[in-house]
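To keep things clear, I will list the structure first and then write my remarks on it.
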Amino acid sequence: MASRVALVTGGTGGIGTAICKRLITGGYKVATNYRNEEKARAWQAQMQSDGYEVTLAKGDVSNYPEAEAMVRDVERQLGPVDILINNAGITRDGTFHKMTPEQWQDVINTNLNSVFNVTRPVIEGMRARKWGRIIQISSINGQKGQYGQANYAAAKAGMHGFTISLAQENAKFGITVNTVSPGYIGTDMVMAVPEDVRAKIVAQIPTGRLGEPDEIAYAVSFFLPDEAGWITGANLSANGGQYMGW
Ligand code: CAA
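Here it is as structure tokens:
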């Protein structure tokens with residue numbers, strides 16, 4: 000069988016880079032989208048010098064026409080998308096009583112509407128070929144809420160609502176749809192949280208440390224093989240024990 004094609008949105012970020020590396024090591028052909036060409040090419044060159052070939056396609060996932068064009072570009076370069084990892088995400092933290100409409104809309108558009116924008120162009124092909132893997136990278140804060148993250152928690156909880164509906168609609172087509180909910184991982188996004196606030200958060204993690212991006216990439220890889228075909232609609236927490244609910 001030819002190696003499967005995986006599209007990882009936001010692949011140039013902290014968790015995204017680890018997912019790309021793990022999938023390439025696993026023998027998948029991997030693509031990611033970008034908005035800033037210069038930054039993306041520099042990242043691609045670094046990946047290449049580390050021994051990882053990643054295909055790039057231009058497109059802002061918060062914009063439907065751009066996301067659709069990006070998917071078609073990936074298909075032209077690598078072939079049909081078998082695996083989609085909806086990983087792209089941003090934070091615009093702030094307490095709700097001070098939150099601007101832009102802070103709300105930016106996060107909903109990039110973290111949640113993107114899931115529609117990228118999944119819609121790949122789903123018909125997966126259904127026709129009767130195989131697919133779709134994974135949402137949500138967050139512990141979509142499960143438990145977080146002070147200062149009404150926008151982010153709403154988007155991340157919404158991603159799992161999407162997962163469990165799409166899982167039902169596509170189970171008969173060999174497509175599994177699952178969520179991975181990372182806790183606090185040592186990426187630029189988490190390091191942007193003020194140090195005193197971050198220290199209080201780390202104190203609540205039973206493992207006593209932030210997670211590693213590759214610990215999330217490992218959780219993602221669990222859903223990909225054929226043996227995982229019975230696992231759909233699941234939400235896999237990978238958070239060092241910080242939250243053990245749904
Ligand atoms: N519970 C209760 N009170 C809290 C609190 C909490 N968790 N966090 C802050 N407060 C209180 C403060 O003690 C302070 O109280 P006083 O005014 O009585 O002293 C008050 O809230 C501060 O409120 P402000 O509205 O003035 O907030 P601020 O402008 O200082 O900033 C914040 C607040 C932006 C929320 C800041 O606390 C922050 O950045 N928090 C971290 C949010 C966070 O966890 N983001 C995660 C980013 S990483 C990520 O999202 C990845 C992932 O998936 C995990």
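Residue numbers (numbering that gives the first Met the number 0): 0 to 245. Here a beta-carbon is modelled for each residue, glycine too, at the ideal position from N, C-alpha and C. In this text, all values refer to a predicted model and were calculated from it rather than measured experimentally.
Heavy atom of the ligand CAA within 7 Å of residue i beta-carbon
i, result
"Tyr183", "yes"
"Thr178", "no"
"Ser138", "yes"
"Ile134", "no"
"Lys28", "no"
"Pro193", "yes"
"Gly15", "no"
"Thr24", "no"
"Thr94", "yes"
"Gly147", "yes"
"Thr162", "no"
"Thr54", "no"
"Lys171", "no"
"Met188", "yes"
"Lys129", "no"
"Ile89", "no"
"Lys143", "no"
"Tyr151", "yes"
"Val196", "yes"
"Ile200", "yes"
"Lys97", "yes"
Neighbourhood of residue i by C-beta distance below 6 Å, restricted to the same chain and skipping five residues each side
i, result
"Gly157", "Leu111"
"Phe51", "What sits at residue 51 in the sequence shown is Tyr, not Phe. Around Tyr51: Lys20 and Ile23."
"Gly9", "Gly15, Asn86 and Ala87"
"Ala5", "Leu22, Tyr27, Val29 and Ile82"
"Gly173", "Lys129 and Trp130"
"His159", "Ser137, Thr178 and Asn234"
"Ile107", "Ala154"
"Asp72", "Ala56"
Inter-residue CB distance, residue i and residue j (contact presumed, cutoff 8 Å)
i, j, result
"Asn177", "Leu83", "With 8 Å as the limit, Asn177 and Leu83 do not qualify as a contact, their Cβ atoms being about 11 Å apart."
"Val117", "Val53", "That belief does not hold up - the Cβ atoms of Val117 and Val53 are roughly 17 Å apart, past 8 Å."
"Gly124", "Pro64", "Contact flag wrong, Cβ pair sits at about 18 Å."
"Thr175", "Pro212", "With 8 Å as the limit, Thr175 and Pro212 do not qualify as a contact, their Cβ atoms being about 23 Å apart."
"Gln142", "Ser180", "6 Å"
"Gly182", "Gly210", "6 Å"
"Pro100", "Ala66", "Not quite, the Cβ-Cβ distance comes to about 22 Å (not below 8 Å), so this is no contact."
"Ala191", "Ile215", "Wrong, their Cβ atoms sit about 18 Å apart, outside the cutoff."
"Gln135", "Thr109", "Not a contact, Cβ separation roughly 13 Å."
"Leu165", "Ile133", "7 Å"
Test: residue i CB closer than 8 Å to a CB of chain D
i, result
"Gly207", "The displayed structure is made up of one protein chain only, and chain D is not part of it."
Same chain only: Cβ atoms within 7 Å of residue i, ignoring 5 sequence neighbours per side
i, result
"Asn140", "Gln148, Tyr151, Ala152 and Lys155"
"Met98", "Ala149 and Asn150"
"Gln102", "Arg91, Gly93 and Asn150"
"Ala170", "Thr231"
Own chain, CB closer than 8 Å to residue i, minus 5 neighbours either side, in chain order
i, result
"Leu55", "Ala30, Thr31, Asn32, Tyr33, Ala39, Arg40 and Gln43"
"Gly25", "Ser220 and Leu223"
"Pro205", "Gly239, Gly240 and Gln241"
"Ile184", "Gly13, Ile14, Leu209, Gly210, Glu211, Pro212, Glu214 and Ile215"
"Gln203", "Gln241"
Which ranges would you report for the beta strand (DSSP E) in the region 155 to 185 if only whole runs of at least 3 residues count? Counting whole runs of 3 or more residues, the region 155 to 185 contains the beta strand (DSSP E) stretches 174 to 181.
What residue ranges within the region 38 to 82 form continuous alpha helix (DSSP H) runs of no fewer than 4 residues, ordered along the chain? 63 to 77
Entirely enclosed alpha helix (DSSP H) segments - the region 73 to 138, minimum 4 residues: 100 to 106 and 113 to 128
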